[in-house]
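Residue numbers (our numbering): 1049 to 1302.
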Amino acid sequence: MRLQASSSVAFDESPAVSGSKSGELLRVESLRKVFASGTQEIAPLDGVDICVERGEMIAIVGPSGAGKSTFLHLLAALDTPTSGEVYFAGNSLRSLAEAELAEYRNRAVGLVWQRHHLLPDFTASENVAMPLLIQGTPVGCALREASERLAEVGLADVVEHPAGRLSGGEQQRVAIARALVNVPSLLLADEPTGDLDERNAEAIFELMQRLHRSHQLTSIFATHNLSLARRADRVLNLEHGKLAPAGEARVTRV
Ligand code: ADP
1049 MRLQASSSVA FDESPAVSGS KSGELLRVES LRKVFASGTQ EIAPLDGVDI
1099 CVERGEMIAI VGPSGAGKST FLHLLAALDT PTSGEVYFAG NSLRSLAEAE
1149 LAEYRNRAVG LVWQRHHLLP DFTASENVAM PLLIQGTPVG CALREASERL
1199 AEVGLADVVE HPAGRLSGGE QQRVAIARAL VNVPSLLLAD EPTGDLDERN
1249 AEAIFELMQR LHRSHQLTSI FATHNLSLAR RADRVLNLEH GKLAPAGEAR
1299 VTRV
């Protein structure tokens, strides 16, 4: 099932729809974000530039507090930059009306957080179906779609289990299934393995890599796990407000 776009903005950039497998999906120009901190200001992003090709998998590393989450929030249009631009498929997010931004957040972007933010008393399939239900998809369709996504992440057997009774690794799989239920083209993940032990972190990362390929996603994830970061197509280091290619020496130091 693929949801129909109600917006005139071309967010359905997935190659399955557009036939396009290459070219720029995301461009960030001179991005700045300033927060007030007491009487002072801090600028975790102070002139970030990046161009992301469709199909790339990019790891963002950097010290805690460097601004990785802030950056992902701006890409997801969950916050607005102080200055600078984020372009998605050629559209400046700043130029979009609120309804178009909601469409972008709901349909173009899939989000995975360190903490899965599942509703513990709801079943795995209800959690995955939630983004569809919020959009008004009929319950039967939404739950069927959710079951398919759960099977894809290896959880066909726990579709009816309350999310709160699943293991940490299973809960993160549910969160990944939920992120993909709207068929996004851009997957943003903030420390997706941060709460997991080594074995589960490896399994979740392998799953993300597999889904990245099979869903023809463009993926950007922030991580402290350097061995996982090195398996991305590109590793970028965020420090002192700037994003730069992480050299091998720098990566091992972070
Ligand atoms: P990271 O994800 O790399 O650990 P964050 O993006 O969470 O870093 O935070 C970057 C800096 O911005 C930190 O100093 C943090 O305290 C600050 N910050 C983040 N969000 C806010 C906010 N809403 N208000 C004020 N300061 C914030």
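Cβ coordinates follow ideal geometry from the N, Cα and C atoms, glycine included.
task: Would you mind listing the beta strand (DSSP E) stretches within the stretch 1193-1257 that are 3+ residues and don't spill past its ends, in chain order?
output: Listed in chain order, they are 1234-1238.
field: Rounded separation between L1159 and L1074 - CA only
entry: Counted from its first residue, the sequence shown places residue 1159 at position 111. Counted from its first residue, the sequence shown places residue 1074 at position 26. Looking at the two C-alpha atoms, the distance is approximately 16 angstroms.
L1191 versus G1202, V1201, E1208, residue with shortest Cα-Cα distance: Start at 1 with the first residue of the sequence shown, and residue 1191 comes out as number 143. Looking from the CA of L1191, the closest CA among G1202, V1201, E1208 belongs to E1208.
- prompt: So, helix, strand or coil for E1104, using DSSP?
  reply: In the sequence shown, counting from the first residue as 1, residue 1104 sits at position 56. Reduced to three states, the DSSP call for E1104 is coil.
- prompt: Who pairs with R1075 in a beta bridge, going by DSSP?
  reply: The residue given as residue 1075 occupies position 27 in the sequence shown. C1099, Y1135.
- request: Assuming I1098 contacts L1236 (C-beta within less than 8 angstroms), just tell me the rounded distance between them.
  value: Taking the sequence shown and counting its residues from 1, one reaches residue 1098 at position 50. Taking the sequence shown and counting its residues from 1, one reaches residue 1236 at position 188. Contact doesn't hold; Cβ gap of about 13 angstroms is too wide.
task: Please go through the same chain and pick out, in chain order, the residues whose beta-carbon is closer than 6 angstroms to the beta-carbon of T1300, but skip the five residues on each side of it.
output: Reading the sequence shown from its first residue, position 252 is the one you call residue 1300. A caution first: T1300 carries a pLDDT of 41, below 50, which makes its placement in the model too unreliable to give a value.
query: Going by DSSP, which residues form a beta bridge with R1282?
result: Within the sequence shown, numbered from 1, the residue matching residue 1282 stands at position 234. Answer is I1106, bridged to R1282.
message: Taking its Cβ as the centre, do 16 or more other Cβ atoms sit within 10 Å of G1071, making it buried, or is it exposed?
response: On the sequence shown, position 23 is the one that residue 1071 refers to. That one is exposed.
- prompt: Which two residues bound the contiguous beta strand (DSSP E) that contains L1159?
  reply: Taking the first residue of the sequence shown as 1, we reach residue 1159 at position 111. Start and end: 1157-1160.
query: For the 8 angstroms Cβ check, are there 3 or more pairs between the stretch 1217-1227 and the stretch 1244-1255?
result: Flag = yes, the stretch 1217-1227 and the stretch 1244-1255 touch.
- request: Identify which residue in P1232, D1245, Q1088 has its Cα closest to the Cα of R1102.
  value: Position 54 of the sequence shown, counted from the first residue, corresponds to residue 1102. The option with the nearest alpha carbon to R1102 is P1232.
query: Just to confirm, are A1114 and E1239 a CB contact at a threshold of 8 angstroms?
result: Start at 1 with the first residue of the sequence shown, and residue 1114 comes out as number 66. Start at 1 with the first residue of the sequence shown, and residue 1239 comes out as number 191. If you check the CB distance, A1114 and E1239 do not come in under 8 angstroms.
- request: Taking the CB atoms as reference points, tell me whether V1176 and A1194 lie closer together than 8 angstroms.
  value: Counting from one through the sequence shown, the residue named residue 1176 turns up at place 128. Counting from one through the sequence shown, the residue named residue 1194 turns up at place 146. Cβ distance < 8 angstroms, so V1176 and A1194 count as in contact.
message: Measuring only the C-alpha atoms, how far is I1106 from E1151?
response: What you label residue 1106 is simply residue 58 of the sequence shown in a count that begins at 1. What you label residue 1151 is simply residue 103 of the sequence shown in a count that begins at 1. Their Cα atoms are separated by approximately 24 angstroms.
query: Does the ligand ADP have even one heavy atom less than 7 angstroms from the beta-carbon of P1092?
result: Here residue 1092 corresponds to residue number 44 of the sequence shown, with the count starting at 1. Result yes, Cβ under 7 angstroms from the ligand ADP.
Nearest-angstrom Cα separation, counted from L1234 out to T1128: Mapped onto the sequence shown, residue 1128 falls at position 80. Mapped onto the sequence shown, residue 1234 falls at position 186. Between the C-alpha atoms of T1128 and L1234 there is a straight-line separation of about 18 angstroms.
query: Looking at the unbroken alpha helix (DSSP H) that takes in P1179, where does it start and where does it end?
result: Counting from one through the sequence shown, the residue named residue 1179 turns up at place 131. Counting along the chain, P1179 sits inside the alpha helix (DSSP H) bounded by residues 1172-1182.
task: Tell me whether the beta-carbon of V1229 lies closer than 8 angstroms to the beta-carbon of P1168.
output: Residue numbering aside, residue 1229 sits at position 181 when the sequence shown is read from its first letter. Residue numbering aside, residue 1168 sits at position 120 when the sequence shown is read from its first letter. Contact check for V1229 against P1168 fails: the beta carbons are separated by 8 angstroms or more.
- prompt: Skipping 5 residues on each side, what residues in its chain have a beta carbon closer than 7 angstroms to that of N1248?
  reply: Numbered from its first residue, the sequence shown carries residue 1248 at position 200. Excluding residues within five positions, the ones whose Cβ falls inside 7 angstroms are G1216, G1217.
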